[in-house]
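The block underneath contains the structure these notes are about, expressed in structure tokens.
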Amino acid sequence: MIRFILVQNRQGKTRLSKWYAPFDDDEKLRIRGEVHRLIAPRDQKHQSNFVEYRNYKVVYRRYAGLFFCLCVDSNDNELAYLEAIHLFVEVLDSFFENVCELDLVFNFYKVYAILDEVFLAGEIEETSKEVVLARLEELEKLE
Amino acid sequence: MANIRRQFKDPQLSSYQRKKYVAKLIFVYILGYKVDVGHFEAANLVTSNKYTEKQIGYLAMTLMLHEHSELLLMVVNSIKKDLEENNEYNNCLALHAIANVGSNEMAETLGPSVHRLLISPTSPNFVKKKAALTLLRLYRKYPEVLPASDWAQRIVSIMDDDDLGVVVSVTSLVMAMAQDHLDAFSFCYQKAVDRLHKLVIDREYTATYAYYRIPSPWLQVKLLRLLQYYPPSIDPTVLDVLQKVLKAILNNSVEVASNVQQNNAQNAVLFEAIGLAIHLDATSPIVADAAELLARFISSKETNVRYLGLDTMAHLAARADSLYSIKQHQTTIINSLRDKDVSVRRRALDLLYSMCDTDNAEIIVGELLRYLRVADYGLREEMVLKIAISTEKFATSYKWYIDTILQLISSAGDHVGEEVWYRVVQITTNTENLQEYAARAIFEHLRQPQCHESLVKIGGYILGEYGHLVANDPGLSPIEQFQALHTKSPYCSAPTRALLLTTYIKWVNVFPEIKHHLVNVFERYRYVLDAELQQRACEYYAVATRETDDLLQQMCEEMPPFPPRESTLLNRLNKKHGDTEDGRVWVVGGKEVNEEREKAKLRKNTADQAGNTAANGNASGDVPDLMSLADIDLNGQSSASGVSTAPTIVYAPKPVLDSSPSIDKWYEKLCMSNDGILYENTSIQMGIKSEYHGHLGRIALYVGNKMTVPLTSFTATVTGHNPDALSITFAKIPSNTITSRTQAQHVIHVENKKPFDGSPVLMISYLAGSLTTINIQLPLLVTKFFEGVTLSQTDFFERWKLIGGPPREAQVVFPINLDESGNVDIAKNRKILLGHGFSLLSDVDPNPINLVGAGVLHTSSAGKVGCLLRVEPNKVAKLCRLTVRSTSEEVAGQVLAALQKPLSKNSAL
């Protein structure tokens with residue numbers, strides 16, 4: 001299962017964080033820092049998208065200036081989660097029409113709503129982009 | 001902030017304003033500032049009627065509160081209300097909230113409501129998906145309060161849903177629950193295989209679920225993983241389908257995809273499929289093909305692929321009988337230790353550790369030692385452990401072992417755990433011919449100007465115990481040994497120095513020539529500040545300066561060998577794993593390690609099962625037969641039959657059978673004939689057509705849907721039989737839907753290998769609004785494999801006598817009913833015997849109401865078994881004696897059990 005999801009920029013500022021395992025606030029802060037230091041210096045070209053972290057591993061992918069990190073169990077299927085990140089980013093991209101860092105900052109409540117449609121309880125919930133987008137449109141109308 | 005605080009104090013705050021300010025608070029919180037107000041307002045928003053306000057309220061709750069927070073208790077009631085409301089959107093919000101912060105209390109109070117949403121036929125797909133995952137969250141939090149095994153069938157049946165989103169979510173839930181309740185969830189095996197077949201081979205899925213042309217890779221990965229939790233299926237049909245799927249996945253990977261996403265998705269499935277193939281049978285041709293693929297992968301240009309290739313190869317090494325195919329690539333793997341990526345290096349280390357055996361241990365360990373000096377700090381401790389274990393396990397000579405370990409300690413220094421040197425000492429003490437060499441080797445290391453403290457500890461211990469064995473060698477005299485050790489002592493910590501003191505006292509005993517040096521040391525240590533050291537020094541000083549040596553000698557007896565115990569190293573290494581949600585299907589390490597682990601697991605399982613069956617035995621066993629036998633225990637003669645029908649081993653706990661007069665009647669009728677109706681209720685009707693030739697049989701099961709709606713999630717399985725005696729296989733996996741008012745046919749192949757008891761149980765379940773489960777006996781008795789034989793009177797009696805009495809005879813006397821005219825119903829009895837495959841011999845018994853029969857049982861592995869029987873009813877006493885003699889003891893009892901019941905009834909068959 002996914003332990004947490006972090007979206008950080010290159011300076012290490014966390015733009016989105018979602019915790020599926022209980023950590024207290026200090027621990028969360030520490031993890032943010034550790035994950036950033038672990039991921040940011042890694043080479044894009046010659047290094048894999050997986051890093052071991054504590055007893056888990058972090059599967060990450062970089063989109064422009066943002067790192068999308070999923071922390072998963074050490075025997076989970078890495079590539080499946082790597083593509084799950086991509087799926088999530090594609091959804092964000094279609095929803096915000098060319099998503100950028102600021103969209104995540106200012107539309108935080110929408111981002112969390114989207115997140116809840118794609119991942120829930122640390123597992124993938126919906127794997128079809130079209131289904132998620134249709135649902136989001138439906139929810140938008142409620143407002 | 002101050003403004004927000006002031007606003008919150010205002011009692012006339014409008015709900016829109018409240019939402020605005022709570023949203024602002026969340027924003028502040030996300031930016032990383034502490035927020036300690038607004039929780040109450042958030043809870044207030046949750047109860048709002050407007051969707052957006054509710055949404056913000058829930059968001060604030062889930063973001064800012066911790067699952068153990070007491071404030072959460074405030075909203076449990078609102079959540080419950082939203083859950084039970086007939087509004088899809090509110091349901092979803094409530095489910096999100098539980099899925100994000102669900103706690104133990106919530107599992108207790110809300111678990112049943114969530115479950116209801118999951119199984120309710122009226123729930124929209126979105127609610128089902130979310131309910132499945134929410135339930136998963138609650139189950140992980142607090143498995144005890146959710147009756148997972150009771151829900152098993154219902155939950156598994158949702159895996160047949162048409163919506164793949166629902167299937168993905170439910171599969172996640174099944175994966176977690178099935179790990180703890182393998183038996184209860186065993187249905188999911190077939191479902192998973194069937195679904196994979198549909199996705200991979202039939203390509204049956206909605207277009208929106210293709211991800212870069214790969215049919216829902218996530219679902220495939222999950223299903224393939226789920227199958228690895230179970231031991232390989234014994235059903236050849238299921239296995240066959242599975243093999244086809246795996247082959248197709250492997251073949252698909254040959255064409256390299258054009259874009260990154262497709263490539264990744266394809267590989268995600270591929271690696272999981274290889275994992276499953278290895279799990280099913282590490283010697284199969286598919287695995288051989290996979291090994292070739294892996295070989296290509298580990299020298300791939302793409303780092304991710306190299307990483308996964310090494311990882312999967314380690315899985316292969318953990319399971320395969322022969323490491324040959326992996327050893328071919330040893331050089332590539334060793335080179336991977338120098339990869340640019342630490343993740344890849346780590347995988348290479350794991351693989352090297354797994355593939356190590358006596359042949360290549362020296363090369364691999366040598367390579368690891370060389371690499372250790374440049375390895376990442378984070379990796380070193382684990383490396384040291386792994387090197388130490390491999391060295392110990394695969395050492396071809398003790399000499400090499402000691403050399404390697406000492407070198408390991410001197411080069412890894414601080415990364416060497418205590419366990420490593422304990423183990424060296426243990427092994428040296430227990431291996432007598434190693435002691436001398438060890439003493440020399442450690443002395444060499446101690447002479448180096450710099451040496452690590454762990455080495456000093458080993459030196460202290462080994463020289464103290466075995467120093468005298470080498471004291472006559474040039475350059476190893478007592479005084480030189482003493483100097484070598486003592487010059488190191490100032491740089492050591494207190495525990496090490498204490499250990500050295502013990503070494504010295506041992507030397508006082510064996511090396512009297514350096515006694516005054518040693519006593520000097522004790523003398524000096526009597527005044528150090530450390531209490532432990534001081535005490536030791538004082539005591540040793542006193543012992544050393546006593547006039548007689550007897551106490552000293554007794555104290556310094558040679559160490560007895562350590563009792564054999566499990567390597568502490570392995571314990572340490574195992575401790576490093578753990579804490580993953582998903583049960584590991586294999587561990588890094590050689591084949592034996594994994595086998596050990598399996599055994600341990602098995603032992604645990606069988607213990608559990610023994611408990612279960614003991615509990616089930618009385619409740620469900622094969623009640624009908626046993627009961628009727630026990631009731632008519634007239635003259636104590638039935639003991640033989642009682643023994644033979646009592647199940648000695650219960651193979652699988654038999655489910656509780658459905659029964660009603662008509663079910664029993666249909667069953668009895670089918671026991672004697674090959675075609676007929678098996679079951680009927682308001683929604684379905686089942687019939688059977690069967691044929692038997694020798695030891696083989698073919699049963700066609702017709703299932704008709706009587707309703708106007710399609711029947712979904714149909715499953716049929718046969719259980720409760722001993723697979724060694726009777727093999728039962730479906731020709732193909734039963735399709736899970738039966739459209740309205742149509743009939744589906746399922747062909748079952750049976751093979752009788754050995755005589756067997758009773759009849760197996762057919763379990764049918766389907767979804768028609770709610771889940772219906774039907775468990776009925778399949779009319780498949782041992783007598784189905786009988787063939788009549790005709791014998792003359794002399795032949796008959798000759799054989800009858802040849803077989804003789806018990807134990808190859810089974811006899812029972814039971815009451816019978818007479819027909820309307822007050823006579824024994826001979827026609828019925830004849831019909832029964834003929835129906836059970838016996839031929840009637842008319843000229844054997846002069847009394848016309850007695851019947852005599854003969855038959856041969858065909859089995860594939862126990863050959864043919866002859867069987868003779870006599871039925872002797874008595875009209876006056878209303879009793880009947882049934883005697884069965886057979887060349888096999890068990891068959892006699894089994895036939896008796898099968899025949900007695902129909903003979904005793906007066907049903908107008």
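Going down the list, the protein sequences come from chains V and W. In this text, residue positions in the first sequence follow the working numbering: the first is 1, and each later residue adds one. In this text, residue positions in the second sequence follow the working numbering: the first is 1, and each later residue adds one. For each residue, glycine too, the CB sits at the ideal point set by N, CA and C.
Check: Leaving out the 5 sequence neighbours to the left and right, which residues in its chain are closer than 8 Å to residue 102(W) when beta-carbon positions are compared?; Outcome: 67, 110, 134, 137, 138, 141
Check: Whose C-alpha, out of 413(W), 839(W), 764(W), is nearest the C-alpha of residue 684(W)?; Outcome: 764(W)
Check: Enumerate in chain order the residues of its own chain whose CB-to-CB distance from residue 632(W) is below 6 Å, with the five nearest sequence positions on each side excluded.; Outcome: The pLDDT assigned to residue 632(W) is 34, lower than 50, so where the model puts this residue is not dependable; a value taken from the coordinates is nonetheless given after this. Correct list, in chain order: 814.
Check: Flag this pair as touching only if the region 168 to 184 of chain W and the region 724 to 734 of chain W have three or more C-beta atom pairs under 8 Å; answer yes or no.; Outcome: no
Check: Just mark residue 350(W) as buried or exposed, buried being the case when its beta carbon has 16 or more other beta carbons within 10 Å.; Outcome: buried
Check: When you compare each of 420(W), 823(W), 470(W), 114(W) to residue 877(W) by their alpha carbons, which one comes out closest?; Outcome: 823(W)
Check: Taking a contact to mean a Cβ-Cβ separation below 8 Å, would you say residue 371(W) touches residue 337(W) in this structure?; Outcome: yes
Check: Quick one: is residue 47(V) buried, meaning 16 or more other Cβ sit within 10 Å of its Cβ, or exposed?; Outcome: buried
Check: Based on the DSSP secondary-structure assignment, which residues constitute the bridge partners of residue 744(W)?; Outcome: 703(W)
Check: Determine whether the beta carbon atoms of residue 56(W) and residue 9(W) lie at a separation below 8 Å.; Outcome: no
Check: If you draw a straight line from the alpha carbon of residue 34(W) to that of residue 27(W), how long is it in whole angstroms?; Outcome: 11 Å
Check: Using the Cβ count rule (16 or more neighbours within 10 Å means buried), how would you classify residue 488(W)?; Outcome: buried
Check: Please classify residue 187(W) as buried or exposed, where buried requires at least 16 other C-beta atoms within 10 Å of its C-beta.; Outcome: buried
Check: The region 123 to 140 of chain V: which residues have C-beta closer than 8 Å to a C-beta of chain W, in chain order?; Outcome: 123, 124, 125, 126, 127, 128, 129, 130, 131, 135, 139
Check: Identify, in the order they occur along the chain, each residue of the same chain with its Cβ nearer than 6 Å to the Cβ of residue 8(V), setting aside the five sequence neighbours on each side.; Outcome: 14, 36, 67
Check: So residue 165(W) contacts chain V; which residues on that side make the cut at Cβ distance below 8 Å?; Outcome: 125, 126, 127, 128, 131
Check: By DSSP, does residue 12(V) sit in helix, in strand, or in coil?; Outcome: coil
Check: Starting from the beta carbon of residue 23(W), find every residue of chain V whose beta carbon is closer than 8 Å, and list them in chain order.; Outcome: 109
Check: Would you decide whether residue 668(W) is buried or exposed? Buried here means 16 or more other CB atoms lie within 10 Å of its CB.; Outcome: buried
Check: Using the beta-carbon of each residue, which ones in chain W are nearer than 7 Å to residue 49(V)?; Outcome: 304
Check: Would you identify the three-state DSSP class for residue 787(W), choosing helix, strand or coil?; Outcome: strand
Check: Can you check whether the CB of residue 230(W) is closer than 8 Å to the CB of residue 182(W)?; Outcome: yes
Check: Flag residue 43(V) as yes if its beta-carbon sits less than 8 Å from any beta-carbon of chain W, otherwise no.; Outcome: yes
Check: Closer than 8 Å between beta carbons: that is the criterion. Which residues of the region 826 to 837 of chain W meet it against chain V?; Outcome: none
Check: Report buried or exposed for residue 736(W), applying the criterion of at least 16 other Cβ atoms within 10 angstroms of its Cβ.; Outcome: buried
Check: Do residue 457(W) and residue 429(W) count as a contact pair if the criterion is CB distance below 8 Å?; Outcome: no
Check: Return the first residue and the last residue of the beta strand (DSSP E) that residue 185(W) is part of.; Outcome: It is not in any beta strand (DSSP E) - residue 185(W) carries neither H nor E in the DSSP assignment.
Check: For residue 867(W) and residue 236(W), what's the separation of their Cα atoms in angstroms?; Outcome: 32 Å
Check: Taking the beta carbon of residue 126(V) as the centre, do at least 16 other beta carbons fall within 10 Å, making it buried, or is it exposed?; Outcome: buried
Check: Please list, in chain order, the chain V residues whose beta carbon lies closer than 7 Å to that of residue 126(W).; Outcome: 135
Check: To the nearest angstrom, report how far apart residue 785(W) and residue 858(W) are at their CA atoms.; Outcome: 6 Å
Check: Counting only the same chain and skipping the five closest in sequence on each side, list residues whose C-beta sits under 6 Å from that of residue 842(W).; Outcome: none
Check: Measuring only the C-alpha atoms, how far is residue 51(W) from residue 91(W)?; Outcome: 11 Å
Check: Kindly list the residues whose CB is nearer than 6 Å to the CB of residue 17(V), restricted to its own chain and excluding five residues on each side of it in sequence; keep chain order.; Outcome: 6
Check: Can you tell me which residues form a DSSP beta bridge with residue 775(W)?; Outcome: 763(W)
Check: For residue 712(W), list the residues DSSP reports as bridge partners.; Outcome: 767(W)
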